Amino acid sequence: MDISLQEVEYKYQANTPFERLALKDVSIDIASGTFLAIIGHTGSGKSTVIQHLNALLRPTSGKVTIGDRVITSEKKQKNLKDVRKKVGIVFQFPEHQLFEETVEKDICFGPMNFGVSESEAKERARVAIKQVGLEESILEKSPFDLSGGQMRRVAIAGVLAMKPDVIVLDEPTAGLDPRGRKEIMNMFYSLHQDRKLSTILVTHSMEDASLYADQIVIMHQGRVYREGNPLEIFSDPEGLFELGLDVPEVVRFQKKYEAVCGQSLGKTCLTIEELSAAVAKHLQEGGK
Amino acid sequence: MDKMIFGRYIPADSVLHRMDPRSKLLLIFLFVCIVFIANNMLTYGTLLIYTITMLSLSKVSIRFILIGLKPVLWLVLFTLILHLFLTKEGDLLFSWGWFEVYEEGVRQGLFISVRFFLLILMTSLLTLTTTPIEITDGLEELLGPLKRFKFPVHELALMMSISLRFIPTLMQETDKIMKAQSARGVDFTGGPVKERIKSIIPLLIPLFISSFKRAEELAIAMEARGYRGGEGRTKFRQLSWGFRDTTMLLALGIVTALLAVLRT
């Protein structure tokens, strides 16, 4: 499902003394099957953007197209359920949304709201819980007896069980340990490939953005600052440094290396494998 | 949710903002009392003029206040209707089947609604022009004498400032969880009443849980910073009672006298 934002503007608390412009002239096209990473500082408007992707927020001006649904500021939208069924959002700290007595019921909550039968929902819960790397036996437990990391996974399973076409992730690994981070990101990536999902990832991690994304959008003060694929974005890191953003460690190493030996390695490498191969080649060719 | 004005502080530079919180508290308290003196057109008119004067002194946009008070208007309307229905005194104004409206009903309904509305306006004005911290400081000072009777003034003030402090946090949290559950297919805005009541559960349980968690964390953080209760605690913000405080109270005193004369 294609999603596109056209000149979206969003004001929080419009027409009150607290009015605050959060987004200005944001245009992003997300073709079906894209893995898009949105990067930016806290307060740059990332989270506001993603809430437009399933009509949780209506733009104060501009247009959001989700599949064949068009959302503008003018009229109140009805029947947003079919949009929300197709676009699943995993919010920041999704474990805060758990509320049912058992993990199973909580995972079934989303699908059943969208009209899936109970038996089908339970089946989906069993699949989803394995997808997020937990034992099936956990389904019978209360979500509040779990550890923080497990709760996070259960909450993610609750969104996966809705079987969305588009999955939006708002810093899904914040506060997890390094291993948990890697597992969860790999899980989302393989889901993205297997189910041909569109994935939108909001992150502070340049590593994740460069590893997984096809397309990167950099937000700054409510506007799209730059847009492109990881190679384009990270081969020219100066602008990023100006914003106080970082580049992946691999790129940083390459830049340092090139500065020290005074020669360029040619193309920018995004993975450790690429970089080590490039460095080895450079050394063999008699680089000083 | 965005337009709620209860407990909200709007920074501005006005006479009301600069008043000492103690005098403001006294003022509001006195106002709440004298509202009940009013019993006819003239007295209610006086109160209305006084309230409007205070509103314009506060430099808060009146339109904003009225929009913010919309939810309360329903309550006011409800009071009015209740009076229209249930008061059966005075002359019969008109009847329509079993529905009869009496003169006294209209009169009382209008007066009570106005009284209600004025009370809400003035008390909102207090929170709109005074930061929660100032309110608590003021309250703590005013209740100070009660300490002699072992009344836990400091603890009360602390409890108040904590709960006031966390109202916006709780609102944000509510908004966040509502969005998360809407993304999971809960419809908070429409649908049959039964469904809507059911949709409260996925909102309330996470809110309760996070509130308890937050309370615990706050307690630990306070202890870690050496909080041991109010004994011997000094204040960073010193309150000062100025000329304008005395003037404002005197003005209300005059209004009170006027009311006493005008009431029937």
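Protein sequence lines, in the order shown, are assigned to chains A and B. When we follow our numbering, the leftmost residue of the first sequence carries the number 1, and every step to the right adds one. When we follow our numbering, the leftmost residue of the second sequence carries the number 1001, and every step to the right adds one. Even glycine gets a Cβ: it sits at the ideal position worked out from N, Cα and C. On a predicted model such as this, the values are computed, not experimentally measured, just so you know.
{"Item": "Taking the alpha carbon of D236(A) as the reference point, which residue from Q254(A), E19(A), D165(A), D25(A) has its own alpha carbon closest?", "Value": "Q254(A)"}
{"Item": "Can you name the residues of chain B whose CB is closer than 8 Å to the CB of Q51(A)?", "Value": "K1179"}
{"Item": "Judging by CA-CA distance, which residue of Q1181(B), E1140(B), R1237(B) is the nearest neighbour of P94(A)?", "Value": "Q1181(B)"}
{"Item": "Going along chain A in order, which residues have a C-beta closer than 9 Å to the C-beta of G1185(B)?", "Value": "K81, R84, K85, F109, G110, P111, M112, N113, F114, G115, M162"}
{"Item": "Should S1095(B) be flagged as near chain A, meaning a C-beta pair shorter than 8 Å?", "Value": "no"}
{"Item": "Taking buried to mean at least 16 other C-beta atoms within 10 Å of its own C-beta, is M1222(B) buried or exposed?", "Value": "exposed"}
{"Item": "Which chain B residues sit within Cβ distance under 7 Å of I89(A)?", "Value": "A1183"}
{"Item": "In chain A, what lies closer than 9 Å to S1061(B) by C-beta?", "Value": "T16, P17"}
{"Item": "Which residue marks the beginning of the alpha helix (DSSP H) containing W1098(B), and which one marks its end?", "Value": "No alpha helix (DSSP H) contains W1098(B), which DSSP labels as neither H nor E."}
{"Item": "Establish whether the CB of S1163(B) and some CB of chain A are separated by less than 8 Å.", "Value": "no"}
{"Item": "When the Cα atoms are used, what is the spatial distance from L1077(B) to S1113(B)?", "Value": "7 Å"}
{"Item": "Please classify D316(A) as buried or exposed, where buried requires at least 16 other C-beta atoms within 10 Å of its C-beta.", "Value": "Only positions 1 to 288 of chain A appear in the structure, and residue 316(A) is not among them; the question remains open."}
{"Item": "Is there at least one Cβ from chain A nearer than 8 Å to P1168(B)'s Cβ?", "Value": "no"}
{"Item": "For Y1044(B), collect the residues of the same chain with a Cβ closer than 7 Å to its Cβ; drop the 5 residues on either side in sequence, then sort them by chain order.", "Value": "A1038, F1111, V1114"}
{"Item": "Taking only three categories from DSSP, how would you classify R1263(B)?", "Value": "coil"}
{"Item": "I think P1202(B) touches F99(A), with their Cβ atoms under 8 Å apart; what is that distance to the nearest whole Å?", "Value": "5 Å"}
{"Item": "I need the boundaries of the alpha helix (DSSP H) containing K1070(B), first residue and last residue.", "Value": "1070-1086"}
{"Item": "Would you mind sorting C269(A) into buried or exposed? The rule is 16 or more other CB atoms within 10 Å of its CB.", "Value": "buried"}
{"Item": "Give the residues from the stretch 129-160 of chain A that approach chain B closer than 9 Å (Cβ to any Cβ), ordered along the chain.", "Value": "F144, A155, G158, V159"}
{"Item": "Would you kindly report the start and end of the unbroken alpha helix (DSSP H) that includes V1015(B)?", "Value": "1015-1018"}
{"Item": "Taking the alpha helix (DSSP H) that F1208(B) falls in, what are its first and last residues?", "Value": "1201-1224"}
{"Item": "So for K255(A), helix, strand or coil by DSSP?", "Value": "helix"}
{"Item": "Which residues share a DSSP beta bridge with T65(A)?", "Value": "S4(A), V70(A)"}
{"Item": "So what's R1237(B) in DSSP terms, helix, strand or just coil?", "Value": "coil"}
{"Item": "Over what stretch of residues does the beta strand (DSSP E) that includes T199(A) continue unbroken?", "Value": "198-203"}
{"Item": "Along the stretch 1060-1089 of chain B, where does the CB come closer than 7 Å to a CB of chain A? Name the residues.", "Value": "S1061, F1064"}
{"Item": "Determine the chain A residues that contact P1132(B) at a beta-carbon separation under 8 Å, and present them in chain order.", "Value": "Correct list: empty, because the minimum Cβ distance to chain A is about 16 Å."}
{"Item": "Are the beta-carbon atoms belonging to T199(A) and L231(A) less than 8 Å from one another?", "Value": "no"}
{"Item": "Is N186(A) near the ligand SAM, with its Cβ less than 7 Å from a heavy atom?", "Value": "Because no ligand of any kind appears in the structure shown, any question about the ligand SAM cannot be addressed here."}
{"Item": "Looking at D1020(B) and G1242(B), is the spacing between their C-beta atoms short of 8 Å?", "Value": "yes"}
{"Item": "Just curious, the beta strand (DSSP E) that A1038(B) is in, first and last residue?", "Value": "Counting along the chain, A1038(B) falls outside any beta strand (DSSP E), and DSSP gives it neither H nor E."}
{"Item": "Among residues of its own chain, excluding the 5 on either side of M1001(B), which ones have a beta-carbon nearer than 8 Å to its beta-carbon?", "Value": "Reliability of the predicted coordinates at M1001(B) is poor, the pLDDT of 45 falling under 50, and no value is obtained from them."}
{"Item": "Shortest alpha-carbon distance to T1123(B) belongs to which of A1157(B), G1109(B), I1065(B), R1148(B)?", "Value": "I1065(B)"}
{"Item": "Please check if any C-beta of chain A sits within less than 8 Å of the C-beta of S1056(B).", "Value": "no"}
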